[in-house]
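Chemist: Structure provided below as C-alpha cells; questions to follow.
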Amino acid sequence: MIKFFRKIRQRLLTENKFSKYFLYAVGEIVLVVIGILIALQINNNNELNKQRAKEVQFLKNLKSDLIFEESELERYIEIRESIVNSAQIALEHFNGKPVENIQMFNYHTFNVGIWQEFQRNNNTFIELLNSGNFTLISNESIKNELLNLDLIHKQIISYREHLRNDMEHYFYDPWFRTVDLDPFAQSFVFYANNGDFNNEIKLSMEEIDRLINNTVFKNGFVVSVFTNSLIIDDYKKMKDLNKKIVDLINKEITKD
Numbered sequence: 002m003i004k005f006f007r008k009i010r011q012r013l014l015t016e017n018k019f020s021k022y023f024l025y026a027v028g029e030i031v032l033v034v035i036g037i038l039i040a041l042q043i044n045n046n047n048e049l050n051k052q053r054a055k056e057v058q059f060l061k062n063l064k065s066d067l068i069f070e071e072s073e074l075e076r077y078i079e080i081r082e083s084i085v086n087s088a089q090i091a092l093e094h095f096n097g098k099p100v101e102n103i104q105m106f107n108y109h110t111f112n113v114g115i116w117q118e119f120q121r122n123n124n125t126f127i128e129l130l131n132s133g134n135f136t137l138i139s140n141e142s143i144k145n146e147l148l149n150l151d152l153i154h155k156q157i158i159s160y161r162e163h164l165r166n167d168m169e170h171y172f173y174d175p176w177f178r179t180v181d182l183d184p185f186a187q188s189f190v191f192y193a194n195n196g197d198f199n200n201e202i203k204l205s206m207e208e209i210d211r212l213i214n215n216t217v218f219k220n221g222f223v224v225s226v227f228t229n230s231l232i233i234d235d236y237k238k239m240k241d242l243n244k245k246i247v248d249l250i251n252k253e254i255t256k257d
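Numbering of the sequence shown is given in the working numbering, commencing with residue 2 and proceeding in unit increments.
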C-alpha cells in the first residue's frame, strides 16, 4: 500500500502536476490522521471496557459483602435486643419486684454481662479505599451510601466504647466484688445449653440481695438499656442502608 501511494506521488511529480500533488498529499495526511484517531478511539474503548469490567467485579464483591453483613446485623440486633430485655426484667427487681426464681434472675443478669461485638464484613470497601480504586465506582449514589454506611458504623463503635467503659465501672466491678461467680456462671451456662435450670446448682440469695441493693450495680442495667437501644437503632439503619446499596448495585450491574 505504501509503495502504491509512493508511485502515485512520483508520477505526479514527474508530470509536474504540483496542484494535484498538493491535494493528494493533503488527502493522504487526512487519511493518516483519521487512521490515528480511529486507532486511539479503539484503544480508548478497550480501556473503558477493561475499567467497566473491573468496576462490575468490584460491585459484585461489594454486593456479596453487604448481603453477608446484613445477615450478621440481623443476628446482632437479636443479641442486643435480648440484652435490653434481660436488663429491663432485672430492673423490675431493683424497683421492688420480689425475686421468685433466683436462677432466672441470675440468667438475665449474666445475659446483660455477655459481650459480643459486631464486626463489619467490608473487605472490598477497604480494598477500594486503600488501592485508590474507589474512583472506579462511577455511580455516585453507591459511593455516597457506602461512605454513609461507614459513618454509621463508626458511630456504633463510639457507643460501644462508651458502653464498655460504663459497664466495667457500673456492672462488672460491683458484680465481681459481690458474688462468687462460679455457681452463677455454671447456672447460666447450663440454662443456655439445656433451656432449663439445674436445681443442684445452689445460688446465694444473700448475695443476690446485696446486688439488688447496690445502686451502682442498678445503674449498670440502666446504662445497658439506654446505650444498647442506641446501638440497635444504628444496626437497623445499617441494615436498611445495606439493602438500599444492594438494590443500587443490582441496577448498576444490569444497566449495560
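From the three backbone atoms N, C-alpha and C, an ideal C-beta is built for every residue, glycine too.
(1) In this structure, does DSSP put LYS203 in helix, strand or coil?
(2) In chain order, what residues of the same chain lie with their CB nearer than 6 Å to the CB of GLN104, ignoring the 5 residues before and after it?
(3) Please report the distance separating the alpha-carbon of PRO99 from that of TYR171.
(4) Assess contact between the region 245-256 and the region 137-151, defined as three or more Cβ pairs (one per stretch) separated by less than 8 Å. Is contact present?
(5) Where does VAL190 land, buried or exposed, given buried means 16+ other C-beta within 10 angstroms?
(6) Helix, strand or coil: which one does DSSP assign to GLN1?
(7) Look at the Cβ atom of GLU56, then the Cβ atom of MET239, and state whether they are nearer than 9 Å.
(8) How would you call SER87, buried or exposed, if buried means at least 16 neighbouring beta carbons within 10 angstroms?
(9) Please classify TRP176 as buried or exposed, where buried requires at least 16 neighbouring CB atoms within 10 angstroms.
(10) Between the Cα of PHE111 and the Cα atoms of ASN200, LYS155, ALA193 and ILE202, which residue gives the shortest distance?
(11) How do the region 178-186 and the region 196-216 stand: do at least 3 beta-carbon pairs fall below 8 Å, yes or no?
Modeler: To lay it out plainly:
(1) Numbered from its first residue, the sequence shown carries residue 203 at position 202. If DSSP states are grouped into helix, strand and coil, LYS203 belongs with coil.
(2) Taking the sequence shown and counting its residues from 1, one reaches residue 104 at position 103. Result list for GLN104: SER188 and PHE198, in chain order.
(3) Translated into the one-based positions of the sequence shown, residue 99 becomes position 98. Translated into the one-based positions of the sequence shown, residue 171 becomes position 170. Straight-line Cα distance between these residues: approximately 22 Å.
(4) Yes: at least three Cβ pairs fall under 8 Å.
(5) Within the sequence shown, numbered from 1, the residue matching residue 190 stands at position 189. By the neighbour-count rule (16 or more Cβ atoms within 10 Å), VAL190 is not buried but exposed.
(6) Outside the shown range of the chain, which is 2 to 257, sits residue 1, and nothing can be said about it.
(7) On the sequence shown, residue 56 is found 55 positions in, with the first residue counted as 1. On the sequence shown, residue 239 is found 238 positions in, with the first residue counted as 1. No.
(8) Mapped onto the sequence shown, residue 87 falls at position 86. So SER87 ends up on the buried side.
(9) Locating residue 176 in the sequence shown gives position 175, where the first residue counts as 1. Residue environment for TRP176: buried (at least 16 other C-beta atoms within 10 angstroms of its C-beta).
(10) Taking the first residue of the sequence shown as 1, we reach residue 111 at position 110. Closest option to PHE111, Cα to Cα, is ALA193.
(11) Output reads yes: the region 196-216 touches the region 178-186.
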